[in-house]
Amino acid sequence: MKKFSIFTIGCRTNIAESEKLRAVLLEQNFQYTENSEEADYIFVNTCTVTHRADRDSRKIINRIKKINKKAKIYIFGCAFYLFKEDERIRILNYETLLKEIKRDKIELSVLPPEKSGHSRYFLKIQEGCDYRCTFCIVPFKRGKSRSIPPESLIYETEIALSKGYREIVLTGTQIGDYGKDIDKKLNLKVLIKKLLDIDLNFRIRLSSLHPSHFYKIFDLLTEKRIAPHLHIPLQSASEKILKGMKRPYSLKFFDETLNKILNIKRKFSIGTDLIVGFPTEGDKEFKETVNYLENSPFSYIHIFSYSKREGTPAAELKEIDSYKMKERMKIIKEIDKEKRRKFMESLLNSIIEPVYEKRENGFLKGLSEYGFQVKFKGNKIKKGEITNVLVKKIENKCLIGVKIGL
Ligand code: SF4
Numbered sequence: 099m100k101k102f103s104i105f106t107i108g109c110r111t112n113i114a115e116s117e118k119l120r121a122v123l124l125e126q127n128f129q130y131t132e133n134s135e136e137a138d139y140i141f142v143n144t145c146t147v148t149h150r151a152d153r154d155s156r157k158i159i160n161r162i163k164k165i166n167k168k169a170k171i172y173i174f175g176c177a178f179y180l181f182k183e184d185e186r187i188r189i190l191n192y193e194t195l196l197k198e199i200k201r202d203k204i205e206l207s208v209l210p211p212e213k214s215g216h217s218r219y220f221l222k223i224q225e226g227c228d229y230r231c232t233f234c235i236v237p238f239k240r241g242k243s244r245s246i247p248p249e250s251l252i253y254e255t256e257i258a259l260s261k262g263y264r265e266i267v268l269t270g271t272q273i274g275d276y277g278k279d280i281d282k283k284l285n286l287k288v289l290i291k292k293l294l295d296i297d298l299n300f301r302i303r304l305s306s307l308h309p310s311h312f313y314k315i316f317d318l319l320t321e322k323r324i325a326p327h328l329h330i331p332l333q334s335a336s337e338k339i340l341k342g343m344k345r346p347y348s349l350k351f352f353d354e355t356l357n358k359i360l361n362i363k364r365k366f367s368i369g370t371d372l373i374v375g376f377p378t379e380g381d382k383e384f385k386e387t388v389n390y391l392e393n394s395p396f397s398y399i400h401i402f403s404y405s406k407r408e409g410t411p412a413a414e415l416k417e418i419d420s421y422k423m424k425e426r427m428k429i430i431k432e433i434d435k436e437k438r439r440k441f442m443e444s445l446l447n448s449i450i451e452p453v454y455e456k457r458e459n460g461f462l463k464g465l466s467e468y469g470f471q472v473k474f475k476g477n478k479i480k481k482g483e484i485t486n487v488l489v490k491k492i493e494n495k496c497l498i499g500v501k502i503g504l
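Per my numbering, the very first residue in the sequence shown carries number 99; after that it's consecutive.
Structure (structure tokens):
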């Protein structure tokens, strides 16, 4: 039996794609191995969103070439253009790769997922993006928004649930645009409702969603089976910079959306993304961002330093001084630390519902519905199951608790 390994760099969409690839290969009687030295085929799902992602993709491929001299290497994902084909390396896009492997036996969108290393199931509902943020290379690599039909997604979810997954994470490049390429009446809300109609005990977590898409799902946010964890990428809190980035919302609109969410009678963890040092970000614009963040209800901030991507409009602009960049990163990191601390403290003595991932140093470990890691004591449960944990304290930036109930 031929063996294969998969390496994944980047976002949840890449994780979802790699999981599906793994399922297709298992279906075709290939054997999965974590030890890439013994693999006959090695698949690398790359990312190019920043310089660091490029570097990681290159590093992994160079390492593979060194430790395994015979395997065929398949490179796909957004950073494919950084590599060249040779007698061992093949470069192709994800759909072509799947088509080649499945030899037309199974359809891309109706593959039965296998229980893998992950405890949550990443359901890729669409890919591609119709926006053109001036710093972003993704639309050039992923193309326009394409959605997977709801029937296929329902089928995939049912199979995932039958394999023991209890949390389904909806992923894609731009999940808020789901459905519009298939049917005017189809959108994210319609899809979520269809998924929630599946008569089993599970929850749905949404990945990143633009503020301009929230109106579609507002009335679903009180639904208990939707995790109270929202990720709304802000990128900058300066109107001028948002315009320069061509983001599809203003700060005013973003703020109104946040307030609407905060008015819902339910506790939410709201995370965001922030790009520090976009080329035209002066001291004034940075200060505006700092002020906004300090007073914002965010529970965490994913921070990125601006990374010039050739071919994007922002690449034409003068980059900011690297010393300034470092200083600004430091300031935002401090704010993030404080936000996390505050949010975690708000969970003390409350009961949370993590999905169990693994055992670590005598603890069970999982990810809470709010997107924060928790370690807890208690009887072992099945990987992927959701349990109740009473939060007792915070240690090393992690919630510590004790499992309650059965
Ligand atoms: S919305 Fe903007 S940042 Fe996000 S993938 Fe599309 S172009 Fe890139």
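We treat Cβ as the ideally placed atom computed from N, Cα and C, and that holds for glycine.
Next on the checklist: Going residue by residue through the segment 133-215, where are the continuous beta strand (DSSP E) segments of at least 3 residues, counting only ones entirely within it?
Outcome noted: If we require 3 residues or more, the beta strand (DSSP E) runs fully inside the segment 133-215 come out as 139-144, 170-175 and 187-189.
Checklist entry - When burial is assigned at 16 or more other CB atoms within 10 Å of the CB, is R40 buried or exposed? => result For residue 40 there is no data in the structure shown, the boundaries of the chain being 99 and 504.
Checklist entry - If you count every other CB in all the chains shown that lies within 10 Å of the CB of G226, and 16 or more means buried, which is it? => result For the purposes of this step, residue 226 is identified with residue 128 of the sequence shown, where counting begins at 1. Per the 10 Å Cβ criterion, buried.
Item to check | Rounded C-alpha distance that separates S207 from S250 | outcome: Reading the sequence shown from its first residue, position 109 is the one you call residue 207. Reading the sequence shown from its first residue, position 152 is the one you call residue 250. Residue confidence for S207 is low, a pLDDT of 44 falling below 50, so the modelled location carries little weight and cannot support an answer.
Item to check | CB of T144 within 8 Å of CB of A177, strictly | outcome: Along the sequence shown, one-based indexing puts residue 144 at 46. Along the sequence shown, one-based indexing puts residue 177 at 79. Yes, the pair counts as a contact, with Cβ atoms nearer than the cut-off.
Checklist entry - the ligand SF4 heavy atoms versus the CB of T269: any closer than 7 Å? => result In the sequence shown, residue 269 corresponds to position 171, counting from 1. Because no heavy atom of the ligand SF4 lies under 7 Å away, the Cβ of T269 does not count as near it: no.
Checklist entry - For I433 versus E392, is the C-beta spacing smaller than 8 Å? => result Counted from its first residue, the sequence shown places residue 433 at position 335. Counted from its first residue, the sequence shown places residue 392 at position 294. Yes, Cβ-Cβ distance for I433 and E392 is below 8 Å.
Checklist entry - Rounded C-beta distance between Q471 and K463? I'm assuming under 8 Å. => result Residue mapping note: residue 471 aligns to position 373 of the sequence shown, counting from 1. Residue mapping note: residue 463 aligns to position 365 of the sequence shown, counting from 1. Going by Cβ atoms, the distance from Q471 to K463 rounds to 7 Å, so yes, they are a contact pair.
Item to check | Inter-stretch contact at 8 Å, needing at least 3 Cβ pairs: the segment 412-428 / the segment 369-389 | outcome: yes
Checklist entry - Would the C-beta of Y253 count as close to the ligand SF4, meaning under 7 Å from any of its heavy atoms? => result On the sequence shown, residue 253 is found 155 positions in, with the first residue counted as 1. With a cutoff of 7 Å, Y253 does not count as near the ligand SF4, since its C-beta is closer than that to no heavy atom of the ligand.
Checklist entry - Can you pull the DSSP bridge partners for S334? => result In the sequence shown, residue 334 corresponds to position 236, counting from 1. Its beta-bridge partners do not exist; DSSP assigns none.
Item to check | Paired residues, beta bridge with V267 - DSSP | outcome: Translated into positions along the sequence shown, residue 267 becomes position 169. DSSP output for V267 lists F220 and R303 as bridge partner(s).
Checklist entry - Between V374 and the ligand SF4, is the CB less than 7 Å from at least one heavy atom? => result In the sequence shown, residue 374 corresponds to position 276, counting from 1. Checking the Cβ of V374 against the ligand SF4 gives no.
Checklist entry - Under 8 Å, do I159 and V147 count as touching if we go by C-beta distance? => result To locate residue 159, count along the sequence shown from 1; it is residue 61. To locate residue 147, count along the sequence shown from 1; it is residue 49. Their beta carbons are not under 8 Å apart, which means I159 does not touch V147 by this criterion.
Item to check | Cβ separation of P346 and I330, assumed to be a contact under 8 Å, to the nearest whole Å | outcome: Here residue 346 refers to the residue found at position 248 when the sequence shown is read from its first residue. Here residue 330 refers to the residue found at position 232 when the sequence shown is read from its first residue. Incorrect: roughly 12 Å between the Cβ atoms, too far for contact.
Checklist entry - Which of helix, strand or coil does DSSP assign to I273? => result For the purposes of this step, residue 273 is taken as the residue at position 175 of the sequence shown. The answer is helix: DSSP assigns I273 an H, G or I state.
Checklist entry - Cβ-heavy atom distance between Q224 and the ligand SF4 below 7 Å? => result The count along the sequence shown starts at 1 and reaches residue 224 at position 126. Not under cutoff, so the answer is no.
Checklist entry - On the three-state DSSP scale, how would you describe D381? => result For the purposes of this step, residue 381 is identified with residue 283 of the sequence shown, where counting begins at 1. In this structure, D381 counts as helix in the three-state DSSP scheme.
Checklist entry - Mind checking whether the beta-carbon of P237 lies closer than 7 Å to any heavy atom of the ligand SF4? => result Locating residue 237 in the sequence shown gives position 139, counting from the first residue. Yes, the ligand SF4 has a heavy atom inside 7 Å of this Cβ.
Checklist entry - Closer than 7 Å: is that where the CB of Y229 sits relative to any heavy atom of the ligand SF4? => result Counting from 1 along the sequence shown, the entry for residue 229 is found at position 131. True, at least one ligand heavy atom lies under 7 Å from that Cβ.
Item to check | DSSP three-state assignment for T485, whether helix, strand or coil | outcome: Translated into the one-based positions of the sequence shown, residue 485 becomes position 387. Here T485 sits in coil by DSSP.
Checklist entry - Which residues does DSSP pair with S448 in a beta bridge? => result Residue mapping note: residue 448 aligns to position 350 of the sequence shown, counting from 1. Beta-bridge pairing links S448 to no other residue.
Checklist entry - CB-CB under 6 Å to E455, same chain, minus the five flanking residues each way: which ones, in chain order? => result Locating residue 455 in the sequence shown gives position 357, where the first residue counts as 1. Here the set comprises S217, K463 and G464.
Item to check | Rounded C-alpha distance that separates D202 from K118 | outcome: For the purposes of this step, residue 202 is taken as residue 104 along the sequence shown, with counting starting at 1. For the purposes of this step, residue 118 is taken as residue 20 along the sequence shown, with counting starting at 1. Model confidence at D202 stands at a pLDDT of 44, short of 50, so the residue's coordinates are unreliable; what they give is reported in the following sentence. Cα to Cα, D202 sits roughly 15 Å from K118.
Checklist entry - With respect to the alpha helix (DSSP H) encompassing F233, which residues constitute its N-terminal and C-terminal limits? => result On the sequence shown, residue 233 is found 135 positions in, with the first residue counted as 1. Unbroken run through F233: none, as it is neither H nor E.
Checklist entry - In whole angstroms, what is the alpha-carbon distance linking L196 and K167? => result Walking along the sequence shown from the start, residue 196 turns up at place 98. Walking along the sequence shown from the start, residue 167 turns up at place 69. One C-alpha to the other measures close to 24 Å.
Item to check | Presumed contact (8 Å Cβ cut-off) between L441 and S367, rounded CB distance | outcome: Stepping through the sequence shown from its first residue, residue 441 is reached at position 343. Stepping through the sequence shown from its first residue, residue 367 is reached at position 269. Looking at the sequence shown, residue 441 is not Leu but Phe. Their Cβ separation, rounded to whole angstroms, is 6 Å, which keeps F441 and S367 in contact under 8 Å.
Item to check | Start-to-end residues for the beta strand (DSSP E) that takes in E256 | outcome: Indexing the sequence shown from 1 puts residue 256 at position 158. No beta strand (DSSP E) contains E256, which is instead part of the alpha helix (DSSP H) from P248 to S260.
Item to check | Per-residue burial, Y219 [other beta carbons within 10 Å of its own, 16 or more giving buried] | outcome: As a working note, residue 219 is residue 121 in the sequence shown. Answer is buried; the Cβ neighbour count reaches 16.
Item to check | Inter-residue Cα distance where the pair is C496 and Y468 | outcome: Along the sequence shown, one-based indexing puts residue 496 at 398. Along the sequence shown, one-based indexing puts residue 468 at 370. If you take the alpha carbons of C496 and Y468, they lie about 13 Å apart.
Checklist entry - Among the residues of its own chain, which have a CB less than 6 Å from the CB of P248, if the five just before and after it don't count? => result Stepping through the sequence shown from its first residue, residue 248 is reached at position 150. Cβ within range, chain order: L289 and K292.
Item to check | A114 versus I257: straight-line alpha-carbon distance, rounded | outcome: Residue 114 sits at position 16 when you count from the first residue of the sequence shown. Residue 257 sits at position 159 when you count from the first residue of the sequence shown. Near 15 Å, if we compare the C-alpha coordinates of I257 and A114.
Next on the checklist: So, under 8 Å CB-CB, I359 and A325 are touching, yes? Tell me the CB distance rounded to an integer number of Å.
Outcome noted: As a position in the sequence shown, residue 359 is number 261, starting the count at 1. As a position in the sequence shown, residue 325 is number 227, starting the count at 1. With 8 Å as the limit, I359 and A325 do not qualify as a contact, their Cβ atoms being about 14 Å apart.
Next on the checklist: Considering just the uninterrupted stretch of the beta strand (DSSP E) at L328, what are its terminal residues?
Outcome noted: Here residue 328 corresponds to residue number 230 of the sequence shown, with the count starting at 1. From DSSP, the beta strand (DSSP E) with L328 extends over H327 to H329.
Item to check | Limits of the beta strand (DSSP E) - the one that Y421 falls within | outcome: Working through the sequence shown from its first residue, we reach residue 421 at position 323. Here Y421 belongs to no beta strand (DSSP E); instead the alpha helix (DSSP H) covers S420 to E443.
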